[in-house]
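Undergrad:
Residue numbers (full-length UniProt numbering): 1 to 221.
(1) Determine the DSSP secondary structure at residue 92, reduced to helix, strand or coil.
(2) Go ahead and pull the three-state DSSP assignment for residue 21.
(3) Starting from residue 40, trace the beta strand (DSSP E) in both directions and tell me its first and last residue.
(4) For residue 126 versus residue 95, is the C-beta distance shorter than 8 Å?
(5) How about the segment 10-22 and the segment 166-181: do they share at least three Cβ pairs that are nearer than 8 Å?
(6) Taking residue 39 as the reference, give the member of 90, 199 and 17 with the closest Cα.
(7) Would you give the residue range spanned by the beta strand (DSSP E) that residue 116 belongs to?
(8) Kindly indicate which residue of 207, 167, 28 and 67 has the alpha-carbon position closest to the one of residue 225.
(9) Could you tell me the alpha carbon to alpha carbon distance between residue 36 and residue 139, rounded to whole angstroms?
(10) Can you give me the C-alpha to C-alpha distance between residue 17 and residue 189, rounded to a whole angstrom?
(11) Which ranges would you report for the alpha helix (DSSP H) in the segment 140-192 if only whole runs of at least 4 residues count?
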């Protein structure tokens, strides 16, 4: 799709909010405060508003794997985009997941190996989590909440000090739209966004292969 867009003189961008939110810039610019990074955890566990219908015997689209739905694709993608934007591609990815009786992936965990740093991604659409996402370093920890629309970014220093680092807007989709409009108006290159999207897609494909997610379209991973 990227090659086709380039051939036709079109602009193709993935609509993924974390990449365009100033929160990501604030997070990236404050990473140095934690010192040498040793661990990171990105969580997106959100009980689906349609899961009760599924439990009652209905088949809402969000729990229909034949339509390309999986918790990995719906929620983990936010975690992966944030992780790749901060740290790049990992040396190794290990993934596992749980499934519903109809074969739809419900929740999962990934471990991304960066050598001296380990990153865990936890996601679910059949449970909710009260845990924040964190980046842990030898000097302190950065703490933040939902990756689709973060409301805070807090630095917890090892000596007990805290620092607030981010002020959100009411609807962060405006940042994504502003980026798209700017790129189109100025005919800017999308190479940086393209490479990130491709990196995340490769990681999603590897996770799907390990987990065994099959959308029933005759595809092979």
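Yeah, the Cβ is synthetic: ideal placement off N, Cα and C, and Gly gets one too.
TA: Short version:
(1) Three-state result, residue 92: strand.
(2) In the structure shown, the three-state DSSP call for residue 21 is coil.
(3) Taken as a continuous stretch (DSSP letters only), the beta strand (DSSP E) holding residue 40 covers 37-45.
(4) No, these two residues do not count as a Cβ contact at 8 Å.
(5) Using a C-beta cut-off of 8 Å, the segment 10-22 makes contact with the segment 166-181, since at least three inter-stretch Cβ pairs fall below that distance.
(6) Of the residues 90, 199 and 17, the one whose Cα lies closest to the Cα of residue 39 is 90.
(7) No beta strand (DSSP E) holds residue 116; DSSP gives it neither H nor E.
(8) Here the chain has residues from 1 to 221 only, and residue 225 is not among them.
(9) Their backbone Cα atoms lie some 8 Å apart in a straight line.
(10) The alpha-carbon separation between residue 17 and residue 189 amounts to approximately 19 Å.
(11) Runs of the alpha helix (DSSP H) lying entirely within the segment 140-192 and spanning at least 4 residues, in chain order: 173-186.
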